[in-house]
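Structure record follows, encoded as structure tokens.
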Amino acid sequence: MEENKDISQIAFQKIKESGIKPISKNIFNLKKVLFWSLFSISIIVGALSFSMALSILLNNDWYLYNKLGFGFIFKTLPFFWVGCLLIFTLFGEFYYRKTLLGYRHRIITVVGLYVTITVISGSVLNIIGVGKTIEQSLFDNLPVYHLVVFDRGEIWTHPERGLLSGKIINIGDKVIEVIDSNGVVWNINIGNNILLGKVKFKVGNTIKIVGDKDNDIDNIFNAEEIHILK
Amino acid sequence: MITNHEDCINKTDNELVRLSLDNPDHFLCLSKRYESKLLHYIMRISKFRQEDAEDILQDVFIKTYYNLNEFDDELKFSSWIYRIAHNQTVSEIRKKVSRPSIPLEKEDIDRFEDAFDITKEIDNSFDREIIDKAISQLDEKYREVLILRYLDEKDYVEISDILKKPVSTVGNLIARGKILFEKEYKKLLINK
């Protein structure tokens, strides 16, 4: 090897002559805060997505499989929210890797940690009702949401297809009176063979009824199954 | 006034970083401390001529000073400055389409020979030229970890910090790199 030049001295002279100053610590601190914040946001959005997906799955009308088939069930699956969860898992992994020591861990470890956090916090959010509240709020206030997520409420506004929902306004011996979302009052015949499940009729409850619309008399609906709207 | 050698010798890297931020003269101590190690490292991974490696090293020191506030105590300073040197060298390698290939130095080859039993197994009078060729023919990702591990004597965490790769990946690359080096060495020896 040739004899070394005093490179340190040359570099030092250049630093002095060019008036180079270290970049402010605040810039680097800001960068650190930014990446940790983006990672935290990815976790929050991931947890919310999981909560929404869970809420949709738990409140799904699985029993309609017999009546409407697999195609209907497929449409009700929470693809949008599962997609969001996957995308934000990738964001989370990316931003974690940008943190100071993020590169030290394997992708599988980071993704595993991310999924564990989002599943636990998403489940908690679902238990306290956040998932359902947000879903309802999005349906009510964001028209575009109807385009990306199947509106499960809408399916119950088709008495001609045997699906009706409404609020109980009167309970008789064999007939329940309900008012649907259009303000139409229906007389629901509840026969002896009805599958009531855990349904406890109470005025003010909203119920979902599977059955048949009477073709001869208006606003009569013969119930086969009744479920409380959760 | 330039800080003299005695002022620096008992100070840790981290202390010198803090002092450099108040008084740039201390940065000279810090750069002198790493000058020789980094110059060798740059030459090993790039195979550039010494004068080219010296130019890169100058840029490394200037970049290090410019980004000094980015250094975090959670890392070793040596890992951090090696990372800057590695990145700067890789960037220079990409810029140069062709470059003269300088063989590894004798001491480097001796260290490699010590690290791998294979050279002793095959031939007691190991062939430096073949070792150098075998190292050169390794894929960059294996070559850089083997150089850091066996020539710069860095541990797995330090290599992970320098290359910004997971520690487990570094372990796998070293293990795989050793196998590939030994294979290449045997092949070259047979074809000699």
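Chains as they are written, first to last, in our numbering: chain C, 1 to 230; chain Z, 1001 to 1192.
Note that CB positions come from ideal geometry on N, CA and C, so glycine has one too.
- Closest by C-alpha distance to Ser181(C), out of Arg161(C), Glu160(C), Trp156(C), Lys200(C), is Trp156(C).
- Nearest CB-CB separation between Phe139(C) and chain Z: not below the 8 Å threshold.
- Counting only unbroken stretches of 4 or more residues, the alpha helix (DSSP H) elements lying wholly within the stretch 139–221 of chain C are 145–148, in sequence order.
- The C-beta of Asn1067(Z) comes closer than 8 Å to at least one C-beta of chain C.
- Among the residues facing chain C, Asp1152(Z) is not included, as its CB has no counterpart in that chain under 8 Å away.
- Within the same chain, Cβ atoms closer than 8 Å to the Cβ of Thr76(C) are found at Ile56, Asn60, Asp61, Phe150, Arg152, the five residues on either side in sequence being excluded.
- In the DSSP assignment, Ala223(C) is bridged to Ile190(C), Gly211(C).
- Ranked by Cα distance from Thr1089(Z), the first of Ser1078(Z), Tyr1066(Z), Ile1056(Z) is Ile1056(Z).
- Against chain C, the beta carbon of Asp1052(Z) has no neighbour under 9 Å; the closest one sits roughly 12 Å away.
- Under the three-state reduction of DSSP, Ile20(C) is assigned to coil, being neither helix nor strand.
- The stretch 45–53 of chain C makes no contact with the stretch 22–33 of chain C; the number of CB pairs closer than 8 Å stays below 3.
- If you keep only unbroken beta strand (DSSP E) runs of at least 3 residues inside the stretch 1055–1085 of chain Z, you get nothing at all.
- Residue environment analysis places Phe1077(Z) among the buried positions, since at least 16 neighbouring C-beta atoms fall within 10 angstroms of its C-beta.
- For Gln1058(Z), the nearest beta carbon of chain C is closer than 8 Å to its own beta carbon.
- Annotation for Gly1177(Z): Leu1138, Tyr1142, Val1145, Leu1146 place their beta carbon closer than 7 Å to its own, counting only its chain and skipping 5 residues before and after.
- Put simply, the CB of Ser1160(Z) is near chain C, with a gap under 8 Å to one of its CB atoms.
- The shortest C-alpha to C-alpha distance from His105(C) to any of Lys1154(Z), Asp1052(Z), Phe1027(Z), Val1170(Z) is the one to Val1170(Z).
- Secondary structure note for Ile127(C): its alpha helix (DSSP H) is the uninterrupted segment 107–127.
- Annotation: the continuous alpha helix (DSSP H) that includes Asp1161(Z) extends over 1156–1163.
- Any Cβ of chain C closer than 8 Å to the Cβ of Val1167(Z) would place that residue at the interface, and such an atom is present.
- Leu1028(Z) and Arg1049(Z) have their C-alpha atoms spaced approximately 24 Å apart.
- Listed in chain order, the positions of the stretch 1004–1033 of chain Z with a beta carbon within less than 7 Å of a beta carbon of chain C are Leu1021, Pro1024, Phe1027, Leu1028, Ser1031, Lys1032.
- Using a Cβ-Cβ distance cut-off of 8 Å, the stretch 63–70 of chain C and the stretch 91–105 of chain C are not in contact, since fewer than three pairs of beta carbons, one from each stretch, lie closer than that value.
- Between His1086(Z) and Ile1179(Z) a beta carbon distance of about 23 Å is seen, past the 8 Å cut, so the two are scored as non-contacting.
- With distances taken between CA atoms, Gly172(C) lies nearest to Trp186(C) out of Leu30(C), Leu54(C), Trp186(C).
- Within chain C, the residues whose beta carbon sits less than 7 Å from that of Lys1164(Z) are Tyr103, listed in sequence order.
- Chain-ordered, the chain C residues with CB closer than 9 Å to the CB of Phe1061(Z) read Ile7, Ser8, Ile10, Ala11, Phe12, Lys14, Ile15.
- Per the Cβ contact rule, the stretch 6–19 of chain C is not in contact with the stretch 76–96 of chain C (fewer than 3 Cβ pairs under 8 Å).
- With a threshold of 8 Å between beta carbons, Asp1108(Z) makes no contact with chain C.
- Those residues of the stretch 1069–1091 of chain Z placed with their C-beta closer than 8 Å to a C-beta in chain C are Asn1069, Glu1070, Asp1072, Glu1074, Leu1075, ordered along the chain.
- Within the stretch 106–140 of chain C, contact with chain Z at the beta-carbon level (separation under 7 Å) is assigned to Arg106.
- The Cβ atoms of Thr133(C) and Ser165(C) do not sit closer than 8 Å to each other.
- In the same chain as Ala1134(Z), and ignoring 5 residues on each side of it, the C-beta atoms closer than 7 Å to its own belong to Phe1181, Glu1184, Tyr1185, Leu1188, in chain order.
- The criterion of a C-beta distance shorter than 8 Å is not satisfied by Asn189(C) and Lys208(C).
- The residues Glu1158, Asp1161, Ile1162, in chain order, have a CB closer than 6 Å to that of Ser1079(Z) in the same chain once the five nearest residues on each side in sequence are set aside.
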